[in-house]
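To start, the structure under review is shown below, and the notes come after it.
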Amino acid sequence: MSLGRRRFLTVTAAALAAGPALAAPGLQHWQGRALGADLRLSVAGLAPDAARALWRDVARALDGIERRFSLYRRSEVTRLNATGLLARPSRDFAALVALCDRVHDATDGAFDPTVQGVFEAQAGGRDPAAARAAAGWGRLMRRDGGLRLPPGAALTFNGIAQGWAADRIAALMRARGLQDVLIDMGEIAALGRHPEGRDWRAAIAGPAGQRLADITLRDRALATSSPMATRIGPDGLPHILHPDGRAPRWSTVAVSARSAALADALSTAFCLMDRAAIDTALAAFPQARIEAAAI
């Protein structure tokens, strides 16, 4: 498998978090890891002692997010995949499922977290037909507050969870009274301004590292998806999948929105959609917009 999707996004789409931006005076920095990704924060107007206390709060918040959505450790999603049942999903888990409902409906099914079984089959070089037959977000059953998967189905929130994490950390920063923050969770959330008084800058790149666009962000999130950023299985197939097996239409799509989770989910789905379908989906989310798209 080539460079992982989350790490790819951190290296390319998050170019605003590299070089002079991080070297600027007046910023405190943190680096860590969660949801299989390298993570970075840059916070303005914070003394070193206060920063150390804040980083502990960040680590606790990320641990809670991993306990819900990670595929890399025991979590609510791995329990659901293993047993087919999650009798009492947490409030955050239920809220993320509700957002998935909205994006799935708006994208006519292009955003579908039940593709994990298809991913595993293709990554292992196996025929994905059975996994495709079991997939389908509409087959996720909800009863008495619980969730049940049909036999053979499995969920992944890899197309939305890192954006969700960025939103949760942004909420933590606001609750601490911090107004100028750059959050790089693979997806970007930019609060306020850079200490130099300008908006945060972002360079959007494609899977080969080619620069596609330069934008600025203020109180806005950015997500970039490239199907070939990670290739899976012996045939090097794209990692962004649809249950019906349709091929990606775009090499890279970048979306900005006030919510990083929404931008994350839409950028993932849009890779599988033609422009007319994308425009229809965007009408359901007026806060979101395409920042770059490359065939």
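Those letters in the sequence shown? Residues -23 to -1, 1 to 272, by mature numbering (1 follows the signal peptide of the UniProt record, and there is no 0).
Beta carbons: idealized from backbone N, C-alpha and C, even for Gly.
The residues Gly183, Leu189, Ser228 and Thr229, in chain order, have a CB closer than 6 Å to that of Ala271 in the same chain once the five nearest residues on each side in sequence are set aside. Contact check between the segment 153 to 169 and the segment 20 to 28: three or more CB pairs, one atom from each, fall below 8 Å, which counts as touching. Annotated three-state conformation of Trp7 is strand, per DSSP. Counted as a single uninterrupted DSSP element, the stretch harbouring Glu53 is not any beta strand (DSSP E) but the alpha helix (DSSP H) occupying residues Glu53 to Thr60. Distance from the CA atom of Arg125 to the CA atom of Leu48, rounded to whole angstroms, is 18 Å. By the neighbour-count criterion, in which 16 or more other beta carbons inside 10 Å mark a residue as buried, Ala112 falls on the buried side. Under DSSP, Ser202 shares a beta bridge with Val230. Going by DSSP, Val92 is part of no beta strand (DSSP E) at all; its letter is neither H nor E.
Taken through DSSP and simplified to helix, strand or coil, Ala131 comes out as strand.
Judged by their CB atoms, Gly129 and Gly94 are nearer to each other than the 8 Å cut-off. Pairing Gly163 with Ala14 gives a Cβ-Cβ distance under 8 Å.
For the pair Arg116 and Pro105, the CB atoms are not nearer than the 8 Å cut-off.
In the structure shown, Asp85 falls within a coil segment according to DSSP collapsed to helix, strand and coil.
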